[in-house]
Amino acid sequence: MNLIIKKNHNISQREISKNSMKVLYRLNKSGYEAYLVGGGVRDLLLGKKPKDFDIATNAKPNEIRKLFKNCRLIGRRFIIAHLIFKNEIIEVSTFRANNDTPANHKSYSSHIKKSNNGMLLCDNNFGKIEEDAYRRDLTINALYYSIKDSGIRDYIGGIKDIKLKIIRLIGNAETRYREDPVRMLRVIRFSVRLQMCIEKKTAEPINKLSKLLKNIPPARLFTESIKLFCFGYGYLSYMRLKKYSLIYILLPFLVNKFSKNNTIFLNNIIVYCFKKVDSPTSKKILRCPEFLFASLLWYPLTEKIQELSINKKLKYFKAYSISVNYILKKYSILLGIPKNILLNIEKIWNLQKEIETKQNCETKTIIQYNNFFRALELISLRSKTENKHELKKFYSFGIKKYFFFKKKLM
Numbered sequence: 001m002n003l004i005i006k007k008n009h010n011i012s013q014r015e016i017s018k019n020s021m022k023v024l025y026r027l028n029k030s031g032y033e034a035y036l037v038g039g040g041v042r043d044l045l046l047g048k049k050p051k052d053f054d055i056a057t058n059a060k061p062n063e064i065r066k067l068f069k070n071c072r073l074i075g076r077r078f079i080i081a082h083l084i085f086k087n088e089i090i091e092v093s094t095f096r097a098n099n100d101t102p103a104n105h106k107s108y109s110s111h112i113k114k115s116n117n118g119m120l121l122c123d124n125n126f127g128k129i130e131e132d133a134y135r136r137d138l139t140i141n142a143l144y145y146s147i148k149d150s151g152i153r154d155y156i157g158g159i160k161d162i163k164l165k166i167i168r169l170i171g172n173a174e175t176r177y178r179e180d181p182v183r184m185l186r187v188i189r190f191s192v193r194l195q196m197c198i199e200k201k202t203a204e205p206i207n208k209l210s211k212l213l214k215n216i217p218p219a220r221l222f223t224e225s226i227k228l229f230c231f232g233y234g235y236l237s238y239m240r241l242k243k244y245s246l247i248y249i250l251l252p253f254l255v256n257k258f259s260k261n262n263t264i265f266l267n268n269i270i271v272y273c274f275k276k277v278d279s280p281t282s283k284k285i286l287r288c289p290e291f292l293f294a295s296l297l298w299y300p301l302t303e304k305i306q307e308l309s310i311n312k313k314l315k316y317f318k319a320y321s322i323s324v325n326y327i328l329k330k331y332s333i334l335l336g337i338p339k340n341i342l343l344n345i346e347k348i349w350n351l352q353k354e355i356e357t358k359q360n361c362e363t364k365t366i367i368q369y370n371n372f373f374r375a376l377e378l379i380s381l382r383s384k385t386e387n388k389h390e391l392k393k394f395y396s397f398g399i400k401k402y403f404f405f406k407k408k409l410m
């Protein structure tokens, strides 16, 4: 174990949330080991503001619950304590033992279960801090900060990898990916977000094992997609996911056969959309799954409309209505998109049509202020994608309405 003392690192306790400090103090005072761990330590070392703070302890989940009235135990695969504060949730996990213990060993019992593919179904075999470090996914996330001595405990070489800007899995990469295929997405996300290189042995199995992500519940993949695409590095994530054949699991419509024009338009709007969302000047209301998927699913929707118009001889608005229901139902299942987001995607598409036909824009702008702006931006993306002057005119018409009612609402 490498102990980095206070004078040799840049973490100050002033940068740690007050709630996290309270939790650490209470656990220590009650006789338990407790450390700040994971992304919070990593981000502080990199000079970034952590989005949350996680804590690891030798206190068992039920012992944590006895200490904190605001505790809620969640998860079956990994039991974790969520300590709920007014403006923050602190995640507290118990040290886990190394699951490489032979299956016939008495400590193995029913605490660890794996599927036939090697995926961890249950991992509640508790252990010591040294074992817990080896259970974490990446070396840069296996750093433990103590408020007792302000030291950082590094069991795996995480400090060295942070300095070298390397993303490295702990243990055998293929085994770790099989235990939890989502680790492949985490490797991509951290490499892009932190501008680090993926270590060779960590990268090698990804293409081969990418299909394991099909075994992950769509809702969990959707959550990971948002982390990859809606936080300012969507285009780089898209390109890296494409390199490792992971994008076709997250966005399965990319493997569908479309007409020549719609294929070109889809590929173009993906690039334009990600670059728009990533832009530092983009409004926050565009950095959301509603706008992202309204844009990415527009040409699969267009393809379905054209199919019904030609094959079923349906008029446009009838074909449009049927196609919207079909696409949203299909991809709510495939992509795990929640109902409230599906409703907003539909509103964005419908508002687009109303802007194009110049109907009810005054009322809609007031009632659906944010979605109206998203619909305008989708028209703008389509005008670049299709190079249609008519779409630029619709955008100019809509943006005037938007700013007029923006002033009226202020």
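Just so you know, the working numbering puts the end of the sequence shown at 410, numbered straight through with nothing missing. Yeah, the Cβ is synthetic: ideal placement off N, Cα and C, and Gly gets one too.
Inter-segment contact for the segment 312-320 and the segment 273-283 is absent: fewer than three beta-carbon pairs are separated by less than 8 Å.
Look at S12 here: in three-state DSSP terms it is coil, with no helix or strand label.
The Cβ neighbour count for P61, taken over all protein chains shown within 10 Å, is at least 16; the residue is labelled buried. A contact between stretches requires three or more CB pairs, one per stretch, nearer than 8 Å, and the segment 175-193 meets this requirement with the segment 201-220. A contact is defined here as three or more CB-CB pairs under 8 Å, and the segment 25-41 fails this definition with respect to the segment 168-179. In this structure, DSSP gives S150 a state outside helix and strand, which the three-state scheme calls coil. Y35 is bridged by DSSP to A56. When the Cα atoms are used, S20 and T175 turn out to be separated by approximately 33 Å. The C-beta separation of T202 from N262 comes to about 36 Å, leaving the pair out of contact by the 8 Å criterion. A distance of 9 Å or more separates the beta carbons of V192 and L138. The beta carbon of I11 is closer than 8 Å to those of V41, L44, L45, Y145, S150, I152 in its chain, skipping five residues each way along the sequence. Shortest Cα-Cα distance from T385 to any of V23, I269, S93 involves I269. For I305 and S321, the gap between their C-alpha atoms comes out near 9 Å. In this chain, the alpha helix (DSSP H) harbouring T202 covers 200-203.
Ranked by Cα distance from F222, the first of L185, F78, T94, K29 is L185. The continuous stretches of beta strand (DSSP E) do not include Y316, which lies in the alpha helix (DSSP H) extending over residues 316-335.
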